[in-house]
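Below: one structure, written as structure tokens.
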Ligand SMILES: [Zn+2]
Ligand SMILES: [Zn+2]
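Numbering (this note's numbering), first residue to last: 66 to 418.
Written out as structure tokens, the structure is:
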């Protein structure tokens, strides 16, 4: 076994603290990775605090991992020592069900193995995430980080990036289309950048007037404060696609009516309480659609990273030492981050010393 060191929650109410544990030695198809950076996702906080139920403790969160390969198993073909790689939300899946065979491992019918909070396929063991110094992952679930990207700012692409890229692709956002992005947080700011790079005319919807300048700087063509009824009315029946990233219950009808005929609104924010029910009339009169979407498959995640490298896209980040993680969670709850915290894993050495 390999000695590993990271930060873990021991139960739902205790702050994250230093934690020593073990990783498996690389098996035939495994890659061992030295973790350089790990993004901080809202899911980390929800899981560490058992707000979604079903947390296995100790819990080492983190599924926006960028690192360097330090060792490979004898059967590994895609990677060699020294390669820069990423690991996102999944480290395994059943690989045989219809979804897995179609490269949609995130919808694995048995359930994919999360990068943290497992359980591992076969053994049922808990998995430990990226708030740590090293991780061992099957090469099939390891992504290649293309040259030229800032490594720390690339980490959030592994969850926030793919979560927004996948629906934009699935619903075939095209140059010239009018695309709405709802909410300007970790997910929303990536959605704005990606939709712009796909050639769309991007309208950012926000409840905060003070986010206008940022949204425009990120590339949005228009910003609408959603409380402004007149500004909303100006967009009725005009949007081809809406990506709703808001993870709090809100009025979906106010957004639905902005879609043109056959437009789709896709929800990627996951509120703990349901949204108020939508008015079916708003759907049937213009054959509008509402759908949901979860991260993306491994092949599509690689496609997203390559797309980001081609277009020079990374996340807007605030780098923190791991010792600040509990404070970062509190700030995240107040949306006081532009737009993603990333842990510099070098900071772990202070605790290990
Ligand atoms: Zn995430
Ligand atoms: Zn499967």
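Using N, Cα and C, we set each Cβ at its ideal position, and we do this for glycine too.
Taking 7 Å as the cut-off, is the beta-carbon of residue i closer than that to any non-hydrogen atom of ligand 1?
i, result
"residue 358", "no"
"residue 108", "yes"
"residue 128", "yes"
"residue 224", "yes"
"residue 154", "yes"
Using a Cβ-Cβ distance cut-off of 8 Å, determine whether residue i contacts chain C.
i, result
"residue 98", "The question asks about chain C, but that chain is absent: this structure has only one protein chain."
With residue i and residue j assumed to form a contact (beta carbons below 8 Å), what rounded beta-carbon distance in angstroms separates them?
i, j, result
"residue 387", "residue 413", "6 Å"
"residue 245", "residue 283", "No, residue 245 and residue 283 are not in contact; Cβ-Cβ is about 15 Å, not under 8 Å."
"residue 225", "residue 102", "That belief does not hold up - the Cβ atoms of residue 225 and residue 102 are roughly 14 Å apart, past 8 Å."
"residue 236", "residue 329", "5 Å"
"residue 16", "residue 308", "Only positions 66 to 418 of the chain appear in this structure, which leaves residue 16 out of reach."
"residue 151", "residue 131", "5 Å"
"residue 106", "residue 222", "Between residue 222 and residue 106 the Cβ distance is about 12 Å, and since that is not below 8 Å, they are no contact."
"residue 390", "residue 196", "7 Å"
"residue 267", "residue 261", "5 Å"
"residue 270", "residue 207", "Not really, about 36 Å apart at Cβ, beyond 8 Å."
"residue 325", "residue 302", "5 Å"
"residue 39", "residue 377", "The structure shown does not extend to residue 39, since the chain spans only 66 to 418, so no value can be given for it."
"residue 187", "residue 405", "33 Å between Cβ atoms; not a contact."
"residue 323", "residue 340", "Actually they are not in contact, since the Cβ atoms of residue 323 and residue 340 sit about 16 Å apart, beyond 8 Å."
"residue 242", "residue 220", "That belief does not hold up - the Cβ atoms of residue 242 and residue 220 are roughly 29 Å apart, past 8 Å."
"residue 366", "residue 215", "Not confirmed; about 18 Å, so no contact."
"residue 230", "residue 384", "Actually they are not in contact, since the Cβ atoms of residue 230 and residue 384 sit about 23 Å apart, beyond 8 Å."
"residue 263", "residue 247", "In fact, because the Cβ distance is near 17 Å, the residues do not count as touching under 8 Å."
"residue 166", "residue 174", "About 10 Å separates the two Cβ atoms, so there is no contact after all."
"residue 86", "residue 193", "6 Å"
"residue 83", "residue 416", "5 Å"
"residue 313", "residue 331", "The pair is not a contact, with the Cβ atoms about 17 Å apart (cut-off 8 Å)."
Is residue i near ligand 2, going by C-beta to nearest heavy atom under 7 Å?
i, result
"residue 173", "yes"
"residue 53", "Since the first residue of the chain shown is 66 and the last is 418, residue 53 is not available in this structure."
"residue 205", "no"
"residue 178", "no"
"residue 400", "no"
"residue 165", "yes"
"residue 160", "yes"
Within 7 Å: the Cβ of residue i and any heavy atom of ligand 3?
i, result
"residue 316", "This structure does not include ligand 3; its bound ligands are ligand 1 and ligand 2."
Does the region 196-203 come close enough to the region 359-366 that 3 or more CB-CB pairs lie under 8 Å? no
Segment contact, 8 Å Cβ cut-off, at least three pairs: the region 243-256 with the region 109-120: Segment contact: the region 243-256 against the region 109-120, fewer than three CB-CB distances shorter than 8 Å; contact not assigned.
Please specify which runs of the beta strand (DSSP E), each continuous and at least 3 residues long, are wholly inside the region 323-373, giving them in chain order. When DSSP assignments are scanned along the region 323-373, the uninterrupted stretches of beta strand (DSSP E) that are 3 or more residues long and fall wholly within it turn out to be 324-332, 354-357.
Assess, as a yes-or-no matter, whether the region 274-281 is touched by the region 295-303 under the definition of 3 or more beta carbon pairs within less than 8 Å. With a cut-off of 8 Å, the region 274-281 and the region 295-303 do not count as touching, because too few Cβ pairs lie within range.
Contact between the region 135-153 and the region 78-92 is defined here as three or more beta-carbon pairs at a separation below 8 Å; is this criterion met? yes
Which runs of the alpha helix (DSSP H) fall wholly inside the region 173-229 and span at least 4 residues, in chain order? 216-219
Looking at C-beta atoms only, is the number of pairs between the region 117-128 and the region 69-77 that lie closer than 8 Å three or more? yes
Measuring CB atoms only, is the region 146-165 touching the region 178-188, in the sense that at least three cross pairs come out at less than 8 Å? Taking 8 Å as the limit for Cβ pairs, the verdict is that the region 178-188 does touch the region 146-165.
Can you find at least 3 beta carbon pairs, one from the region 344-353 and one from the region 207-214, that sit closer than 8 Å? They do not touch, by the three-pair rule.
Please list the segments of the alpha helix (DSSP H) lying wholly inside the region 220-276, counting only runs of 4 or more residues, in order along the chain. 225-235, 251-262
Unbroken stretches of the alpha helix (DSSP H), 4 residues or longer, contained in the region 370-403: Fully enclosed alpha helix (DSSP H) runs of 4 or longer: 390-398.
Completely contained alpha helix (DSSP H) runs for the region 280-316, where each covers 4 or more residues: 294-298
Going along the chain, which unbroken runs of the alpha helix (DSSP H) with 4 or more residues stay wholly within the region 86-124? 107-113
Quick one: which unbroken beta strand (DSSP E) runs of 3-plus residues sit fully inside the region 140-167? Chain order, please. Counting only runs of at least 3 residues, the region 140-167 fully encloses the following beta strand (DSSP E) elements, listed from N- to C-terminal order: 149-152, 155-157.
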